[in-house]
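Notes follow once the structure below has been shown.
Number of protein chains: 2
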Amino acid sequence: MNENNLVFNEKTCPVTATMQVIGGKWKAILINAIYQTSPARFGELKRSVTGITQSMLTSQLRELEDDGIINRKVYAEIPPKVEYTLTEFGLTLSPIILSMAEWGRKYKFNQAQKK
Amino acid sequence: MNENNLVFNEKTCPVTATMQVIGGKWKAILINAIYQTSPARFGELKRSVTGITQSMLTSQLRELEDDGIINRKVYAEIPPKVEYTLTEFGLTLSPIILSMAEWGRKYKFNQAQKK
DNA sequence: CAGCATCCTGTCCGATACTG
DNA sequence: CAGTATCGGACAGGATGCTG
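Same order as they appear, the protein sequences are chains A and B.
Quick note: UniProt numbering has the first sequence finishing at residue 115, numbered continuously throughout.
Quick note: UniProt numbering has the second sequence finishing at residue 115, numbered continuously throughout.
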């Protein structure tokens, strides 16, 4: 046995678990968008999150809901109205997302300097 | 114009920029692994990051290097020896990764309770 | 308005074999 | 030891059309 026995297992790694929740192309953006505009309506998200398609928006919201990150509140009205908010647990993600936003700005600044 | 003009653009979103650096299946794990065992040798990473293949390890390390996150130090020896460390800039990612690890543990705990 | 059902495409990733 | 090179499959993600 060597002195350094650290193991980083993709199955058990907590970082990977987090990536599976907020990873992918849209999840983090959506969490941020809902955090900023809460309560956020479906159509509102579709307009503010530029480039996302309806089907992607639906599926990503559903996954976030299943993971306990967001609440989905349906109003029995015509026309339909659905509001999304972060759950209490979802709110614990916001510091991470905000840190990521801050870091992303630094990164872009660095990239711009490199040229 | 409505009162709420926030836009979350996939091209300019700083959160997306960060995701492109630490996203994917292995990047965050690798950053964490190098952070914990620095300086980390190639073979050492291959052993500790269970499940990763050589080609993936090589390509992911190369991308992290190109993004300015890690340093690659080659020793002109036989047998070859390469050491990876986080750059100063890469170190600014560690609080984020650590937060993600902490959050991932909470998430797993929640999931376990749900059953 | 807020979805769902299909179909399709690109890329991410893994397996395997070879090298300085 | 620390890599390359090549190949192929799975899956995330996108386009489009339809619905309560």
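Beta carbons are placed, not taken as given, at the ideal position from N, Cα and C, and that holds for glycine.
When you compare only the Cα positions, how much space is there between residue i and residue j?
i, j, result
"serine 94/B", "glutamate 44/B", "20 Å"
"lysine 25/B", "glutamate 102/A", "22 Å"
"methionine 100/A", "lysine 73/B", "28 Å"
"tyrosine 35/A", "tyrosine 84/A", "10 Å"
"asparagine 32/A", "alanine 76/B", "47 Å"
"lysine 27/B", "serine 59/B", "10 Å"
"leucine 30/B", "methionine 19/A", "13 Å"
"lysine 11/B", "tyrosine 107/A", "14 Å"
Which residues in chain B have a C-beta closer than 8 Å to the C-beta of residue i? List them in chain order.
i, result
"isoleucine 97/A", "Val15"
So is residue i in contact with chain A if we call contact Cβ pairs under 9 Å?
i, result
"valine 43/B", "The residue asked about is misnamed: residue 43/B is glycine in this sequence, not valine. Closer than 9 Å: no."
"tyrosine 107/B", "yes"
"alanine 101/B", "yes"
"glutamate 10/B", "yes"
"lysine 73/B", "no"
Pull the bridge partners of residue i from the DSSP assignment, please.
i, result
"valine 49/A", "Phe8/B"
"asparagine 71/B", "Thr85/B"
"arginine 41/B", "Glu83/B"
Which residues of chain A have a Cβ atom closer than 9 Å to the Cβ of residue i, listed in chain order?
i, result
"lysine 81/B", "Going along chain A, no residue has its Cβ under 9 Å from lysine 81/B, so there is no contact; the nearest lies around 16 Å."
Less than 9 Å between CB atoms is the rule here; does residue i satisfy it with respect to chain B?
i, result
"alanine 28/A", "yes"
"glutamine 36/A", "yes"
"asparagine 32/A", "yes"
"threonine 18/A", "yes"
"lysine 25/A", "yes"
Closer than 8 Å by beta-carbon distance: list the chain A residues that pair up with residue i, in chain order.
i, result
"leucine 91/B", "Ordered by position in chain A, no residue passes the 8 Å Cβ test against leucine 91/B, which lies about 11 Å from the chain."
Which chain A residues sit within Cβ distance under 7 Å of residue i?
i, result
"valine 7/B", "Ser48, Thr50"
Residues of chain B with CB closer than 7 Å to the CB of residue i, please, in chain order.
i, result
"asparagine 110/A", "Gly68, Phe89"
Hey, is the region 44-57 of chain B in contact with the region 50-70 of chain A, meaning 3+ C-beta pairs nearer than 8 Å? Contact between the region 44-57 of chain B and the region 50-70 of chain A is absent, because fewer than three Cβ pairs lie under 8 Å.
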